[in-house]
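These protein sequence lines map, in sequence, to chains S and Y. Positions 1 to 162 (the working numbering) are the ones given, in order, by the first sequence. Positions 1001 to 1162 (the working numbering) are the ones given, in order, by the second sequence. For glycine and all other residues, C-beta sits at the position ideal for the given N, C-alpha and C. Structure, as structure tokens:
There are 2 protein chains.
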Amino acid sequence: MSADEPRWLNDEERESWLALVSMLIRLSAALDTQLQRDAGISHFEYQVLSGLSMSPERTLRMSELALFADGSLSRLSHVIKRLEKRGWVYRTPDPADGRYTLAVLTDAGWEKVVATAPGHVAEVRRLLFDPLTKAQQRQLREIGHRVNSAIGPDEACPNQQS
Amino acid sequence: MSADEPRWLNDEERESWLALVSMLIRLSAALDTQLQRDAGISHFEYQVLSGLSMSPERTLRMSELALFADGSLSRLSHVIKRLEKRGWVYRTPDPADGRYTLAVLTDAGWEKVVATAPGHVAEVRRLLFDPLTKAQQRQLREIGHRVNSAIGPDEACPNQQS
DNA sequence: AGGAGACGCTTGAACCGTCAAGCGACAACA
DNA sequence: TGTTGTCGCTTGACGGTTCAAGCGTCTCCT
């Protein structure tokens, strides 16, 4: 920690940063834990299923789904293979363009989302919204948008290969 | 997404939530990417090294270090083994109580932190603080504290075994 | 039509984290 | 001083993610 770097963090920023990093890690872990315990799926798997459930025809291209779920295409491919084995999803080539693969939520997959969502939402509410004031919730939304656009469209998403 | 669950999310909350989850994942990934690219270490490894560098004698018990770095003891043990092989850290039993293991930062480890920190701090600043107003930085710190205490001392940290 | 290249996705290997079992060191009690 | 229990940590196997290479499909250009 040598001195006089051009733009060092001051104490306030440092504290914000440590608090945020800790929140980042522990909130992720807490959401994962709840889903794993109550539904036997990871947070990423939940995002995949929930993303499909909100889409028209319960269908999305793999690449769109990867973007929505903030994961790499490779990771999504492995995960969809597992979800397929569990009977919640199936894949089919896009009739409009054979390069695309469509992921489709089955009825069983829909049921899974319906059964899982309330508990998950309750946990999000308990850990994230209940402790905050209305004003903080508004600020948080704005902060999220600003940081997300600072990160850039895809800077952090290792979605493009090599 | 069936209706009238007791405490469903409204549109504003929903948007806050999606923004935050996305920020959560992408910010973690962005910080990891920067460190991996510029220093060849993971964010967790950085937290470990940086935690030691800020401690008296550059020394910390494994369990304290795990708490600081928000990771399990098992994970820390594996990571320290790797950092030991790279010559940045060594372990020694606590002379005061043989059950504890002390992790100590070597000179090479200190150099590594000094070389790595400025770039990392710059990235944190670029992605997290620069896009926010002073007021939002203050809010973020407060939000972090509130959410962290909602998660509880260790609810999300799988630091205790079995 | 045919070839080159771009695109979307998949695959297998290597790596990392988690989980459960187990080890040595210490404390409490007989 | 044993014995029992707890504590802090380590270990190996397992499961998931990443990385790089490769496949099939489509587009563009001649």
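Please list the terminal residues of the continuous alpha helix (DSSP H) segment that includes residue i.
i        : result
PRO118/S : 107 to 124
THR59/S  : THR59/S -> not in any alpha helix (DSSP H); beta strand (DSSP E) instead, spanning 59 to 61.
THR33/S  : 11 to 39
Leaving out the 5 sequence neighbours to the left and right, which residues in its chain are closer than 6 Å to residue i when beta-carbon positions are compared?
i        : result
ALA108/S : GLY87 and TRP88
ASP94/S  : TYR100 and LEU102
ALA96/S  : none
Does at least one heavy atom of the ligand GTP sit under 7 Å from the Cβ of residue i?
i         : result
GLN1136/Y : Ligands displayed in this structure: none; no statement on the ligand GTP is therefore possible.
Measuring alpha carbon to alpha carbon, tell me which residue in the options is nearest residue i.
i         : options                                       : result
GLU1012/Y : VAL114/S, LYS134/S and TRP8/S                 : LYS134/S
GLU1057/Y : HIS1078/Y, GLU1111/Y, THR1106/Y and GLN1036/Y : THR1106/Y
ALA1066/Y : GLY51/S, SER22/S and MET54/S                  : SER22/S
GLY40/S   : GLY152/S, ASP130/S, VAL147/S and THR116/S     : THR116/S
LEU49/S   : GLY98/S, LYS81/S and ASN148/S                 : LYS81/S
VAL147/S  : GLN1136/Y, SER1055/Y, GLY1098/Y and THR1033/Y : GLN1136/Y
ASP1032/Y : VAL113/S, THR33/S, LEU24/S and ASP32/S        : LEU24/S
ALA122/S  : SER42/S, ASP38/S, LYS85/S and ARG14/S         : ASP38/S
LEU1128/Y : ARG126/S, GLY152/S, LEU27/S and ASP130/S      : GLY152/S
Residue i by DSSP, collapsed to three states: which one?
i         : result
ALA1069/Y : coil
LEU1128/Y : helix
ARG1141/Y : helix
PRO1056/Y : helix
ARG1075/Y : helix
TYR1090/Y : strand
ALA1103/Y : strand
VAL147/S  : helix
GLY1152/Y : coil
SER50/S   : helix
ALA1096/Y : coil
TRP8/S    : coil
So, for residue i: in the same chain, excluding its five sequence neighbours on each side, which residues have a beta-carbon less than 8 Å away from its beta-carbon?
i         : result
PHE1044/Y : ALA1069, GLY1071, ARG1075 and VAL1079
GLY1051/Y : LEU1060, LEU1065, PHE1068 and ALA1069
TRP1110/Y : SER1053 and ARG1058
GLN139/S  : none
SER1077/Y : MET1062
TRP17/S   : LEU9
LEU1132/Y : LEU1140
LEU1027/Y : LEU1127 and LEU1128
Looking only at its own chain, which residues have a Cβ that is under 7 Å from the Cβ of residue i, when we skip the five neighbours before and after it?
i         : result
ALA1150/Y : none
ALA1029/Y : none
TYR1046/Y : LEU1035, THR1116 and HIS1120
LEU1073/Y : MET1062, SER1063, ALA1066 and ASN1159
SER1202/Y : Chain Y is shown only over 1001 to 1162; residue 1202/Y falls outside these bounds and no answer can be derived.
Throw me the rounded Cβ distance for the residue i and residue j pair, which I believe falls under 8 Å.
i         : j         : result
THR1092/Y : MET1062/Y : The pair is not a contact, with the Cβ atoms about 11 Å apart (cut-off 8 Å).
LEU1009/Y : HIS1120/Y : The Cβ separation is near 34 Å, so there is no contact.
LEU1019/Y : GLY144/S  : In the sequence on display, residue 1019/Y carries Ala and not Leu. Correct: roughly 3 Å between the Cβ atoms.
TYR90/S   : VAL113/S  : About 15 Å separates the two Cβ atoms, so there is no contact after all.
ARG141/S  : GLU1015/Y : 6 Å
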